[in-house]
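So for the sequence shown, this note's numbering puts the first residue at 937; every next one is plus one. Report on the following structure.
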Amino acid sequence: RVNPDIIPVYTGKAGEFAIFEDHRYPMPFVMLENREDQYAAAIHFTPSPVRGALLADQWWSAGVEAGDGYTDFVLYSGPIGYNKKHSVAKALQLTPMKYTNTYLSMEPGRIIEKEFYIELYSIDRKGSGFQQPVYTSLDLHKPYDAERFPDFNTILASKYRFARSRWVDYGNNAAGYGMYDLQNRKDVVMGWCGQADSPGYALQVLADRLNDEDLPAKVQQSLDFLASFPVNRENGMFPVGFNGKEFYGGDHVSCGQALYNFAKAIETAQKNKRYNTEKWEAFLTSACDGQVKRILNPAWDPHSTAEGFYMAPLAIASVLFGKKEYRQASEKIAAIYADRHLAMDGCYWGGTLDATCEDKEGAWAAFQGFLELYERFKEDKYLDWAKHA
């Protein structure tokens, strides 16, 4: 499943290296773990451009190089590479990108400073070495300042104005929140980039704060229409888009995210007693029944982490409808992704586009699913797995 022509692969064998521009790290540290001795080390750094660089936008680079019986942390003036290929960047979806001439031009006597910190610590489990440096990195860089941004109420009001501007009414009770600027296309699309299903849940939670008398009717109408989308009862899949004439699309990420919002919308409506959820429940159970049939099949073997988005809705639906097989399917998904990814032999990968590349969307699917399983069934392992994801 791991394609070394696309994904950076590092196993620690002599001659391997994995070095990237330091500003490309979401959290600026590099970590190594000794799984046998349960010990780990990390080097933390502050991303910065290179003084005296040949290129206009040249930054320091950071990573690891494996020798014979040892491994070095490295901080370089820009050279990068991975998978035994020098001077290539992980910047394209399907192939490495050439990135050369990353050297310095400097006169004698010039002093260049580069700040870094070394952290040494023990670990409890294979694949967990990156977790402690996450907290250290947060402490070092403190990315907590939100004062420069609009406050929550302002953001919420503008988001709601935006959602209302996307309302599409096809007539005959077919209506919902559109994916595109309505001057261009009037498509209603569930999941991923469309998220037509999200307002049906989120606006219930925010109704009292938004104080819009039209809101309940739009919540009811939008989810009623989405619940009319046809479901394949054999596998639980369904088209996620409608353009005014026909249904289209349908993938694991979009279907899973849509089912999550339906499950949360039903659960929330049962508490506030403001909505008729009969159609929503019929849609959710029909899709879950098909997904369970597919997932509990012994031959089921997910291609990527995309199917992790079924974990949360199945866990919620198992409680909503008292169906043990929904929980079984959710826990089967959890077990297979934990087996694949907790040891970090392979990263969470494979989102909506092509499932050929590492993708934080896959880690989000696992995090959401593991956490929902913990919230519903209170087994500590799921909380541990969620933290790891």
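Ideal Cβ positions, reconstructed from N, Cα and C, are used throughout, including at glycine. Nothing here was measured: the structure is a model prediction, and the numbers come from that model.
With DSSP as the reference, label LYS1323 as helix, strand or coil.
In the sequence shown, the residue the question calls residue 1323 occupies position 387. Residue state, collapsed to three classes: helix.
Close Cβ partners of HIS1277 (< 6 angstroms) along its chain, the five nearest in sequence each way excluded
Residue numbering aside, residue 1277 sits at position 341 when the sequence shown is read from its first letter. Excluding positions up to five away in sequence, the list reads TYR1284.
Just list the alpha helix (DSSP H) runs in the segment 1074-1158, keeping only unbroken ones of 4 residues or longer that don't cross its boundaries, in chain order.
1088-1101, 1134-1146
Write down the C-beta distance between LEU1195 and TYR1273 rounded to the nearest angstrom, noting that I regard them as a contact closer than 8 angstroms.
Position 259 of the sequence shown, counted from the start, is the residue given in the question as residue 1195. Position 337 of the sequence shown, counted from the start, is the residue given in the question as residue 1273. The Cβ separation is near 17 angstroms, so there is no contact.
Specify the secondary structure class of ASN1019 as computed by DSSP and reduced to three states.
Within the sequence shown, residue 1019 is the residue found at index 83, counting from 1. The answer is coil: DSSP assigns ASN1019 none of H, G, I, E or B.
Can you tell me which of GLU1203, VAL1228, LYS1317 puts its alpha carbon nearest to the alpha carbon of ASN1168?
Position 232 of the sequence shown, counted from the first residue, corresponds to residue 1168. Comparing Cα-Cα distances from ASN1168 to each of GLU1203, VAL1228, LYS1317, the minimum goes to VAL1228.
Report all residues from its chain with a CB closer than 7 angstroms to the CB of TYR1262; omit the five preceding and five following residues, and keep chain order.
Mapped onto the sequence shown, residue 1262 falls at position 326. For TYR1262, where only same-chain residues beyond five positions count, the Cβ hits under 7 angstroms are CYS1224, VAL1228, LEU1250, ALA1253, SER1254.
HIS959 in three-state terms, based on DSSP
Taking the sequence shown and counting its residues from 1, one reaches residue 959 at position 23. Three-state result, HIS959: helix.
Output the distance between the C-alpha atoms of LEU1232 and THR1090, rounded to the nearest integer angstrom.
As a first step, residue 1232 is located in the sequence shown; it is residue number 296 there, counting from the start. As a first step, residue 1090 is located in the sequence shown; it is residue number 154 there, counting from the start. Going by the C-alpha atoms only, they are around 45 angstroms apart.
Pull the bridge partners of PRO985 from the DSSP assignment, please.
Taking the sequence shown and counting its residues from 1, the one referred to as residue 985 is at position 49. DSSP lists TRP995 as the beta-bridge partner residues of PRO985.
For GLY988, which residues of its own chain have a beta-carbon under 8 angstroms away from its beta-carbon, when the five flanking residues on both sides are left out?
Here residue 988 corresponds to residue number 52 of the sequence shown, with the count starting at 1. Here the set comprises LEU1040, SER1041, MET1042, ARG1046, ILE1048.
If contacts are defined as beta-carbon pairs under 8 angstroms, then THR1036 and GLU1055 qualify, I think. What distance do you get, rounded to the angstrom?
Taking the first residue of the sequence shown as 1, we reach residue 1036 at position 100. Taking the first residue of the sequence shown as 1, we reach residue 1055 at position 119. So it is not a contact: roughly 32 angstroms between Cβ atoms.
Is GLY1305 closer than 9 angstroms to ALA1270 when the C-beta atoms are compared?
Counting from 1 along the sequence shown, the entry for residue 1270 is found at position 334. Counting from 1 along the sequence shown, the entry for residue 1305 is found at position 369. Taking 9 angstroms as the Cβ cut-off, ALA1270 and GLY1305 qualify as a contacting pair.
What residues are listed by DSSP as bridge partners for SER1058?
For the purposes of this step, residue 1058 is identified with residue 122 of the sequence shown, where counting begins at 1. Paired residue(s): TYR975.
In chain order, what residues of the same chain lie with their CB nearer than 6 angstroms to the CB of ASP1105, ignoring the 5 residues before and after it?
Residue mapping note: residue 1105 aligns to position 169 of the sequence shown, counting from 1. The answer, listed in chain order, is ALA1111.
Who are THR1007's beta bridge partners in DSSP?
Your numbering for residue 1007 matches position 71 in the sequence shown. Its beta-bridge partners are ALA1002.
Assign VAL1141 to buried or exposed, taking buried as 16 or more other Cβ atoms, counted over all protein chains shown, within 10 Å of its Cβ.
Walking along the sequence shown from the start, residue 1141 turns up at place 205. Result: exposed.
Continuous alpha helix (DSSP H) stretch holding LEU990: start and end
For the purposes of this step, residue 990 is taken as the residue at position 54 of the sequence shown. Segment: none, LEU990 is in no alpha helix (DSSP H) and carries neither H nor E.
Per DSSP, the bridge partner or partners of ALA1025
Position 89 of the sequence shown, counted from the first residue, corresponds to residue 1025. BP columns for ALA1025 point to MET1033.
C-beta atoms of ASN1179 and ASP1123 nearer than 9 angstroms
One-based indexing of the sequence shown puts residue 1179 at position 243. One-based indexing of the sequence shown puts residue 1123 at position 187. Contact flag set, yes.
According to DSSP, residues forming a beta bridge with HIS980:
To locate residue 980, count along the sequence shown from 1; it is residue 44. Note: HIS980 sits in a beta bridge opposite PHE965, TYR1053.
Which stretch, first to last residue, makes up the alpha helix (DSSP H) that contains ASP1225?
In the sequence shown, the residue the question calls residue 1225 occupies position 289. Segment 1214-1231, the alpha helix (DSSP H) holding ASP1225.
Does the segment 948-965 touch the segment 975-988, meaning 3 or more C-beta pairs lie closer than 8 angstroms?
yes
Nearest by alpha-carbon distance to PRO1238: which of ASP1275, GLN1067, SER997, MET1033 is it?
Reading the sequence shown from its first residue, position 302 is the one you call residue 1238. Out of ASP1275, GLN1067, SER997, MET1033, ASP1275 has the C-alpha closest to the C-alpha of PRO1238.
Reference LEU1030; option with closest CA among ALA1302, ASN939, PRO1079
Translated into the one-based positions of the sequence shown, residue 1030 becomes position 94. Checking every option, the nearest Cα to that of LEU1030 belongs to ASN939.
Cutoff 8 angstroms; reference ARG1230; Cβ partners in own chain excluding five residues on either side:
Residue 1230 sits at position 294 when you count from the first residue of the sequence shown. Closer than 8 angstroms at the Cβ level, and outside the excluded window around ARG1230, lie GLU1170, ASN1171, GLY1172, TRP1236.
To the nearest angstrom, how far is the alpha carbon of GLY1185 from that of GLY1244?
For the purposes of this step, residue 1185 is taken as residue 249 along the sequence shown, with counting starting at 1. For the purposes of this step, residue 1244 is taken as residue 308 along the sequence shown, with counting starting at 1. The straight-line gap from Cα to Cα measures roughly 19 angstroms.
Let's test the definition: count the other Cβ atoms within 10 Å of the Cβ of TYR1080 and tell me whether it reaches 16, buried, or not, exposed.
Residue mapping note: residue 1080 aligns to position 144 of the sequence shown, counting from 1. TYR1080 should be labelled exposed.
Can you check whether the CB of GLY1177 is closer than 9 angstroms to the CB of VAL1125?
In the sequence shown, counting from the first residue as 1, residue 1125 sits at position 189. In the sequence shown, counting from the first residue as 1, residue 1177 sits at position 241. A contact, by the Cβ cut-off of 9 angstroms.
Within its chain, find whatever has a CB closer than 8 angstroms to the CB of ASP993; leave out the 5 residues flanking it on each side and keep chain order.
For the purposes of this step, residue 993 is identified with residue 57 of the sequence shown, where counting begins at 1. The residues are PRO985.
Between the C-alpha atoms of PRO983 and ASP1075, what's the straight-line distance to the nearest angstrom?
Sequence index remark: in the sequence shown, residue 983 carries index 47 (1-based). Sequence index remark: in the sequence shown, residue 1075 carries index 139 (1-based). In this structure, the alpha-carbon of PRO983 lies about 16 angstroms from that of ASP1075.
Nearest-angstrom Cα distance between GLY951 and ARG971?
On the sequence shown, residue 951 is found 15 positions in, with the first residue counted as 1. On the sequence shown, residue 971 is found 35 positions in, with the first residue counted as 1. Computed Cα separation, rounded: 20 angstroms.
Does GLY1177 come out as helix, strand or coil in the three-state DSSP assignment?
As a position in the sequence shown, residue 1177 is number 241, starting the count at 1. Here GLY1177 sits in strand by DSSP.
On the criterion of 16 or more Cβ atoms from any shown chain inside 10 Å, does SER918 qualify as buried, or is it exposed?
In this structure the chain extends from 937 to 1325, so residue 918 is not present and cannot be described.
Hey, TYR1310 and ALA1322 are a contact pair by Cβ (cut 8 angstroms); roughly how many whole angstroms apart?
Translated into the one-based positions of the sequence shown, residue 1310 becomes position 374. Translated into the one-based positions of the sequence shown, residue 1322 becomes position 386. Confirmed, Cβ separation roughly 6 angstroms.
Is it right to say LEU1028 is buried, meaning 16 or more other beta carbons lie within 10 angstroms of its own, or is it exposed?
Here residue 1028 is taken as the residue at index 92 of the sequence shown, counted from 1. Counting C-beta atoms within 10 angstroms of its own C-beta, LEU1028 has fewer than 16 neighbours from the protein chains shown and is therefore classed as exposed.
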